[in-house]
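Student:
Residue numbers (the numbering used here): 17 to 256.
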């Protein structure tokens, strides 16, 4: 069965909309543990638009699930990660004006600054992953940097899922995943995935071992509850 990481950012988005103390992301984590997901994924953005430092600290202290911390490659975030030591750090690109992460990190263009950054994370005992577009150049650059995993940005695939371009996007992901696996990288994927487009991806790309999904699960939870929303995704992954 493929691994599922559940992104809880939008639990915090709802809370921050009114600056209340609820809903509490930690309470959501208890349900994630009950559902036996692989990990909690969260993005501590520089502008703190949803997840706050305190959320990260409380979830790490709770400790029932591994934490996959998505973050920008900044000194502030590096200090936080090295101090708190989440199980995984996934480095992502970040723009203050974007609604959500718009693409993968251009690793090939950032080799020099990323090298020392990644070295410090690994020295702290943290599993390092890079959020990249499914391109051979980005996969090769990731391997050269010595990271443990890559996570493919599936936003473009999701955008074109119901168009004639879908199969071409899937082929691009499939070839990049095959290459990454064969050079020793653990392959993950996420962004824009939901029940309809996830199933097709799982059936066609065996080399993706883990999916990180958040927005669609939280949206579905409004109608069926968080536990059932997670279980629906798990059933799709089990079918693989």
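Don't be surprised by glycine CBs; every beta carbon is placed ideally from N, CA and C.
#1: So, using beta-carbon positions, are residue 168 and residue 189 closer together than 8 angstroms?
#2: Does DSSP put residue 169 in a helix, in a strand, or in coil?
#3: Beta-carbon separation of residue 66 and residue 25 under 8 angstroms?
#4: List the residues that DSSP assigns as beta-bridge partners of residue 206.
#5: Quick check: the Cα distance between residue 126 and residue 154, rounded to an integer number of angstroms?
#6: By the three-class DSSP mapping on this structure, what secondary structure does residue 194 have?
#7: Can you give me the C-alpha to C-alpha distance between residue 156 and residue 80, rounded to a whole angstrom?
#8: Report, in whole angstroms, the separation of the C-beta atoms of residue 87 and residue 42, which I expect to be a contact under 8 angstroms.
#9: State the Cα-Cα distance for the pair residue 97 and residue 105, rounded to the nearest angstrom.
#10: Assess contact between the stretch 233-242 and the stretch 196-207, defined as three or more Cβ pairs (one per stretch) separated by less than 8 angstroms. Is contact present?
#11: Taking DSSP as the reference, what is the three-state secondary structure of residue 106?
#12: Let's test the definition: count the other Cβ atoms within 10 Å of the Cβ of residue 187 and tell me whether it reaches 16, buried, or not, exposed.
#13: Can you give me the Cβ contacts of residue 248 inside the same chain, cut-off strictly under 8 angstroms, excluding the 5 residues immediately before and after it?
#14: Shortest alpha-carbon distance to residue 23 belongs to which of 132, 37, 69 and 53?
#15: Which residues mark the beginning and the end of the alpha helix (DSSP H) in which residue 155 is found?
#16: With residue 60 as the anchor, note down where its beta strand (DSSP E) starts and where it stops.
#17: What whole-angstrom Cβ distance do residue 228 and residue 40 have, given they're in contact under 8 angstroms?
#18: For residue 21, write down the residues that DSSP places opposite it in a beta bridge.
#19: Just to confirm the assignment, what range does the alpha helix (DSSP H) spanning residue 143 have?
#20: Quick check on DSSP: helix, strand or coil for residue 86?
#21: Taking only the alpha-carbon atoms, compute the straight-line gap between residue 182 and residue 99 and give it to the nearest angstrom.
#22: Using alpha carbons as the reference points, say which of 149, 68, 173 and 179 lies closest to residue 192.
#23: Are residue 218 and residue 253 touching if we call contact CB-CB under 8 angstroms?
Tutor: In short:
#1: Cβ distance < 8 angstroms, so residue 168 and residue 189 count as in contact.
#2: Strand.
#3: Cβ distance < 8 angstroms, so residue 66 and residue 25 count as in contact.
#4: For residue 206, which the question treats as bridged, DSSP gives the partners 169 and 228.
#5: Computed Cα separation, rounded: 10 angstroms.
#6: Secondary structure at residue 194: helix, using DSSP grouped into helix, strand and coil.
#7: Distance between the alpha carbons of residue 156 and residue 80: 34 angstroms.
#8: The beta carbons of residue 87 and residue 42 sit about 19 angstroms from each other, so the pair does not count as a contact at 8 angstroms.
#9: If I take the Cα positions, the gap works out to 8 angstroms.
#10: Segments in contact, no.
#11: If DSSP states are grouped into helix, strand and coil, residue 106 belongs with the strands.
#12: The C-beta of residue 187 has fewer than 16 other C-beta atoms within 10 Å across all chains shown, which makes the residue exposed.
#13: So the list reads 211, 236 and 240, once near-sequence residues are dropped.
#14: Selected option, being the one with the closest Cα: 53.
#15: Counting along the chain, residue 155 sits inside the alpha helix (DSSP H) bounded by residues 152-160.
#16: Here residue 60 belongs to no beta strand (DSSP E), and DSSP marks it neither H nor E.
#17: Your pair residue 228 and residue 40 does not check out as a contact, with CB atoms roughly 21 angstroms apart and the cut at 8 angstroms.
#18: In the DSSP output, where bridge partners are listed per residue, residue 21 has 55 and 228.
#19: For residue 143, no alpha helix (DSSP H) run applies; the uninterrupted beta strand (DSSP E) run containing it begins and ends at 143-148, by DSSP.
#20: In this structure, residue 86 counts as strand in the three-state DSSP scheme.
#21: Cα-Cα distance, rounded: 42 angstroms.
#22: For the residues 149, 68, 173 and 179, the minimum Cα distance to residue 192 belongs to 149.
#23: Yes, the pair counts as a contact, with Cβ atoms nearer than the cut-off.
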